[in-house]
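One structure below.
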Amino acid sequence: MGALLQFLLTTVFVAFVFSQNDLQEEFPPGWTEKCIGCMCEASSGCNQTLECMEQNEVKYCGVFLLSDVYWQDAGTPVLQGDDPSRIGAFERCVRDPYCAARAVNQYIQRYAKDCNKDRVLSCDDYVRLHYFGEANCERPISSLPYYRVFRNCISS
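If you count by mature numbering (1 follows the signal peptide of the UniProt record, and there is no 0), then the sequence shown holds residues -19 to -1, 1 to 137, one letter each, in order.
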């Protein structure tokens, strides 16, 4: 699938997630459709056919390469009619781009903080939060391929 089509699909599902804000709260500053779309691009190229992969005994799945712990921290969102306690609920959610984007959205809303210490909440903080997690989001990121893809996307 071409990059333009991937970007358009990402934009469509991200727009859907933003229109279906489950928490009925305002989004943190800088948390935009483009921000989450570029996180998708940096995570997997928004590849919806990507299989789950294991790294350091942790399984990552879906277009955002989410782990089970991340999904749990995001409040265990599930597909309509599913139950978080059912076996496979994690995989079913994170392999669905809408449910996965909802998980990322809920995670960012829950843990939003100034990861880069510039005293401004922005997409740059959220990309760090997504990649490193809440406890480690202050770690250096600029040399990582993930961040370079993200920066290229966000600046285009």
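Just so you know, even glycine gets a beta-carbon here, dropped at the ideal spot from N, CA and C.
Since the model is a prediction, treat every value here as computed from it, not as a measurement.
Given that a residue counts as buried once 16 or more other Cβ atoms are within 10 Å of its Cβ, and exposed if not, what is Glu38?
-> For the purposes of this step, residue 38 is taken as residue 57 along the sequence shown, with counting starting at 1. Exposed is the call here.
Start-to-end residues for the alpha helix (DSSP H) that takes in Lys15 | Position 34 of the sequence shown, counting from 1, holds the residue named residue 15. Where Lys15 is concerned, the enclosing alpha helix (DSSP H) stretches over Glu14 to Ser25.
Determine the direct distance from the alpha carbon of Ile122 to that of Cys80, and round the result to whole angstroms.
-> Taking the first residue of the sequence shown as 1, we reach residue 80 at position 99. Taking the first residue of the sequence shown as 1, we reach residue 122 at position 141. If you take the alpha carbons of Cys80 and Ile122, they lie about 26 angstroms apart.
Among Cys42, Lys94 and Val75, nearest to Thr57 - alpha-carbon criterion = Within the sequence shown, the letter at position 76 stands for residue 57. The option with the nearest alpha carbon to Thr57 is Val75.
Beta-bridge partners of Cys42, as assigned by DSSP | On the sequence shown, residue 42 is found 61 positions in, with the first residue counted as 1. Its beta-bridge partners are Leu47.
Nearest-angstrom Cα separation, counted from His111 out to Cys33 = Residue 33 sits at position 52 when you count from the first residue of the sequence shown. Residue 111 sits at position 130 when you count from the first residue of the sequence shown. Cα to Cα, Cys33 sits roughly 17 angstroms from His111.
Helix, strand or coil at residue 218 according to DSSP, with G and I counted as helix | No information on residue 218 is available, as it lies outside the stretch -19 to 137 that the chain covers here.
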